[in-house]
Structures are given as C-alpha cells and as structure tokens.
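Numbering-wise (my numbering), the sequence shown opens with residue 13 and increments by one.
Below: the structure, in structure tokens.
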Amino acid sequence: MARVLVLGGGFGGIAAATRLRWRLGPNDRVTLVDRRSEFVMGLRKTWAVVGSHRLRDGARSLATLRSRGIEVVEGTVEAVDPAGLRVSVDGEWLAADALVVALGADQVPGAIPGLVEHGINVWDRDLATRGHDALAGMRSGRLLIGVFGLPYACPPGPFELALLAKELLDRRAATVSVAVFGPMPIALPVVGPTESAKVDAILEAAGITFHRGHAAIEVTPGTVRFSDDTTLPFDVLFGIPPHRCPALLVDAGLAVPGGWVSVNPTTLETGFRGVYAIGDCTIIKLANGLALPKAGVFAEAEGYVAAERIADEIAGRASSATFAGEGVCYAEVGEGRAAAVQGRFLADPPGVSIAQPSAEAVASKAAFEADRLTGWFGS
Ligand SMILES: Cc1cc2nc3c(=O)[nH]c(=O)nc-3n(C[C@H](O)[C@H](O)[C@H](O)COP(=O)(O)OP(=O)(O)OC[C@H]3O[C@@H](n4cnc5c(N)ncnc54)[C@H](O)[C@@H]3O)c2cc1C
13 MARVLVLGGG FGGIAAATRL RWRLGPNDRV TLVDRRSEFV MGLRKTWAVV GSHRLRDGAR
73 SLATLRSRGI EVVEGTVEAV DPAGLRVSVD GEWLAADALV VALGADQVPG AIPGLVEHGI
133 NVWDRDLATR GHDALAGMRS GRLLIGVFGL PYACPPGPFE LALLAKELLD RRAATVSVAV
193 FGPMPIALPV VGPTESAKVD AILEAAGITF HRGHAAIEVT PGTVRFSDDT TLPFDVLFGI
253 PPHRCPALLV DAGLAVPGGW VSVNPTTLET GFRGVYAIGD CTIIKLANGL ALPKAGVFAE
313 AEGYVAAERI ADEIAGRASS ATFAGEGVCY AEVGEGRAAA VQGRFLADPP GVSIAQPSAE
373 AVASKAAFEA DRLTGWFGS
C-alpha cells in the first residue's frame, strides 16, 4: 500500500489528486491537504468584481472529493521535509511515499507600503466583493489597476479586468478614466512584442491607458509612487500584489530565498526523490529566458503529469508522461468577446499567439470552468 500526499487543493492539486486516485490501486491512499474548504477558479474573481457572475456559483467543496476516494484534510501545511518525505499539518507529521507540492503563490500586499490601506487586492477572492462595491459606487474619477510585482498569476488578467470595468462604467454613463500600470516593458512580455501590440490596440480602442515600466514603491491616499519618483493619481485602486513562493518551501530547501521551486520542466521532479512540484509555486524557464506564466491551465496539466509519473513509479513502470507546456486561456475584452491566448511555451522559441476576439471564445471560457468542475467534483 502506498500513500501520496498532495499539498494544496487548488488547480494543480485537485488535478493531481483526481488523476492519482484514478491511476493508483484501491488500497493506495491519496491525501489532499488544504487550509481552505472550497475551490474557486481565479477567473471568478474578475467576474465577481464586475458583477457578471457570482463567486459562489463556481465554488465547490473540497470535501466532495471524499466521495471519490480521496482523503481530504482541512489544515495548514506548516513544514515540509522533502528528504524524509513527510509533512507537518497543524502540528502532526504525515509520512508519504511521494509528495506533490501544489501550494500556489503567496500574495504579499504588505510588501508595498500603503497598498493594504489604500488599495483593494482584487486577486484575493475574499476581497472581490469590496472591489465590486467600489466599482459600483464610481460615478466619476479615476480607476487605477496596478501590477505591483512580477511575476503574477494570470498575466492578461489586469487588462481583462480594465476592459470589463470600463465597459461596465461606460454602460452606466459614469465619467471614469481607467488606467493600468505595471513594471513590465510591454503588456504581455511572454507573447512577444508583435502579439502584445494587439493588447495595446484593444486597450487604446477602449480608451484605457497602459503605463508600462512603472515599478510602484508606495501607495498614499489617492496616489501611487514609482521607483523613478513619478506618481499616478487614483480614486479607486485595484492592486495585484507582489507574489512570492510560500516561505515554508524556502525553509524546506525546495526554493532559494526570493525564488521559486525549480523543477524539471518536463517531469516536474524537484531535486528530492519522490517530490514533485507543480503550478504557481514553481518556476519553469522558457527558451526565450522568460518564465512559464502562472496559470491554472498549466498547474492542471503539470498535476496530471506528476500524478502519472508517481503512479508509474509506484507500479514499477518506466513513465513516459511529460509536460508539453501547451495551453490556452481566454481573456475577455468586452462586448461579449474574448481573445484566446494560446501557445506552445516549451518550444524553442515559444510559439504564442493571441487570436481575434470572438463570442465563441467567451463560450469556451465558460466551458473551461464547467468541464473541470464537472470532471473533478461531479457538477
Ligand atoms: C483574477 C484571476 C483570473 C485568472 N484566470 C485564469 C484563467 O482564465 N485561466 C487560467 O489558466 N488561470 C487563471 N488564473 C490563474 C490561476 O488561478 C492560477 O495560476 C492557479 O490557481 C494556480 O494553481 P496552483 O494549483 O498552483 O495554486 P492555487 O490554485 O493557488 O492553489 C494553491 C492551494 O494551496 C493552498 N495553500 C497554500 N498554502 C497552504 C498551506 N500552508 N497549507 C494548506 N494549504 C495551503 C491554498 O489554499 C490553495 O487552495 C487566474 C488568476 C486570477 C487571480
């Protein structure tokens, strides 16, 4: 009898746990640990802020996975001992034959002075309602959407939020200017300058300003200050806070301070035997020197690969499961249309493109969520 511990019940962890349950024998144990009781996709946060869909309609209880034979532990992972293949959860050490580390990225708004006090972290599902209320209350003034550090989850997300918010405000005849800023040199560095220019064109057509190369260092009431001492004013500030690798993974020796968990890009193995890491807590360098974007679609695909490899290892088989770095996400641009951002990220050079916005892509985005919720939770 083998036991696999999956740390984190987000996109990657659920994918890994469900695939492990399917692949392992009935006497083998699959244990999923998360400090939260529910899963909700990131895309619901933007929908909740602009009020197009409710968060709770996309929330699923992790406990549902128990009916599929997955042990679900609601608790906090406090420490990982990768050499000893054990994990401390709420003070109790759990041992395993293999570990899948899928703890995501920590968001640290506190790293920017004043951001917690004067901005709203719209990447935090618990603050989506605050974001929605702030937007609903705007009749005039300036909405500023800021990226406060690189990398961050869902690179097209801030632009999507700006476009949907602007559409909503215009429909209400509110005289609100909408701008986005971030430290990146172009809107979407990972797609390259030619494809990224398509984002600029869409923003420009919607009357949204993008302030590139703006590294924020401080927020004071109504003002964001940047490293070159310039400032931008706001009435409402939506902040995407700096993201960091969970400190416990640094303490475990899985990541260096200030970095992310390094993995074999195709097998998701870490430097420790039997320990795999997937999703937002990892870094995978691409042939162009940039990093694989932090996206659920990759965390999921990585989760399946890690699960397949662990199952093969337990069965004593050679494994051929590999991560290809292929994926698509759908960024809404308003007027009932979305643009599919798709690519082969591990190719040399990476081939990434942004398709012409269409209504079909909005339907594909809804199906992306529905298919996974049904596949993982049954509904
Ligand atoms: C607004 C927004 C829109 C997005 N849209 C898309 C999209 O359209 N398509 C797409 O592919 N991606 C999208 N993403 C990105 C996507 O949500 C993330 O990349 C994805 O969730 C990463 O998966 P993960 O499994 O690595 O981490 P997560 O899904 O973040 O899961 C990590 C889990 O670990 C748990 N955890 C963390 N620390 C501990 C601990 N110490 N103890 C116990 N549990 C712990 C957390 O509670 C969490 O459930 C979006 C993100 C945002 C914010």
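Ideal Cβ placement from N, Cα and C applies to all residues, glycine included.
Since we're looking at a predicted model, the values are computed, not measured.
Check	Outcome
Check the DSSP bridge columns for D263 and list the partner residues they point to.	Answer is none; D263 lacks a bridge partner.
Please check the pair D109 and A29, which I expect to be a contact at CB under 8 Å, by giving their CB distance rounded to whole angstroms.	Not a contact, Cβ separation roughly 15 Å.
Would you mind listing the beta strand (DSSP E) stretches within the stretch 303-371 that are 3+ residues and don't spill past its ends, in chain order?	338-346, 349-356, 363-366
Is the closest heavy atom of ligand 1 to the C-beta of G116 under 7 Å?	yes
Could you pull out every unbroken alpha helix (DSSP H) segment of at least 4 residues lying fully inside the stretch 112-151, listed in chain order?	127-130, 140-148
Using the DSSP secondary-structure output, state which residues sit across from I229 in a beta bridge.	BP columns for I229 are empty, so no partner.
Tell me, please, which residues DSSP counts as bridged to V159.	I252
Taking 8 Å as the threshold (C-beta atoms), are A382 and H255 in contact?	no
Do the CB positions of L260 and A91 come within less than 8 Å of each other?	yes
For P277, verify whether its CB is less than 7 Å away from any heavy atom of ligand 1.	no
Quick one: what's got a C-beta closer than 6 Å to G337's C-beta in the same chain, skipping five residues either side?	F357, L358
Can you name the residues that DSSP bridges to K297?	A303
Using the Cβ count rule (16 or more neighbours within 10 Å means buried), how would you classify P305?	buried
Nearest-angstrom Cα distance between G37 and R321?	14 Å
Measure from the alpha carbon of G169 to the alpha carbon of each residue in Y342, G363, S370, then state which is nearest.	Y342
Pull up the distance between the alpha-carbon of D93 and that of V18, whole angstroms please.	14 Å
For a quick check, are the C-beta atoms of H144 and A191 less than 8 Å apart?	no
Cutting at 8 Å between CB atoms, please list the residues of its own chain near T88, excluding the five before and the five after it.	R47, V101, D102
Based on Cα-Cα distance, which residue from L44, A303, V309, R33 lies nearest to G204?	A303
Along the alpha helix (DSSP H) that carries P167, what are the first and last residues, could you check?	Segment: none, P167 is in no alpha helix (DSSP H) and carries neither H nor E.
Buried or exposed: which applies to P269, given that a residue is buried once 16 or more other Cβ atoms fall within 10 Å of its Cβ?	exposed
In angstroms, rounded to a whole number, what distance separates the CA positions of H130 and R154?	14 Å
Which full runs of the beta strand (DSSP E) of 3+ residues lie inside the stretch 14-46, going along the chain?	15-19, 41-46
Please list the terminal residues of the continuous beta strand (DSSP E) segment that includes S100.	98-101
Smallest Cα separation from G20: which of W388, L74, F246, S79?	L74
Could you give the residue range of the alpha helix (DSSP H) that holds T187?	Element bounds for T187: not the alpha helix (DSSP H) but the beta strand (DSSP E), 187-193.
Is the beta carbon of G24 closer than 8 Å to that of H114?	Here residue 114 turns out to be Ala, not His, going by the sequence shown. Yes, these two residues count as a Cβ contact at 8 Å.
Between the stretch 270-279 and the stretch 72-86, do three or more beta carbon pairs fall short of 8 Å?	no
In this structure, does DSSP put G153 in helix, strand or coil?	strand
For ligand 1, is there a heavy atom less than 7 Å away from the beta-carbon of L261?	no
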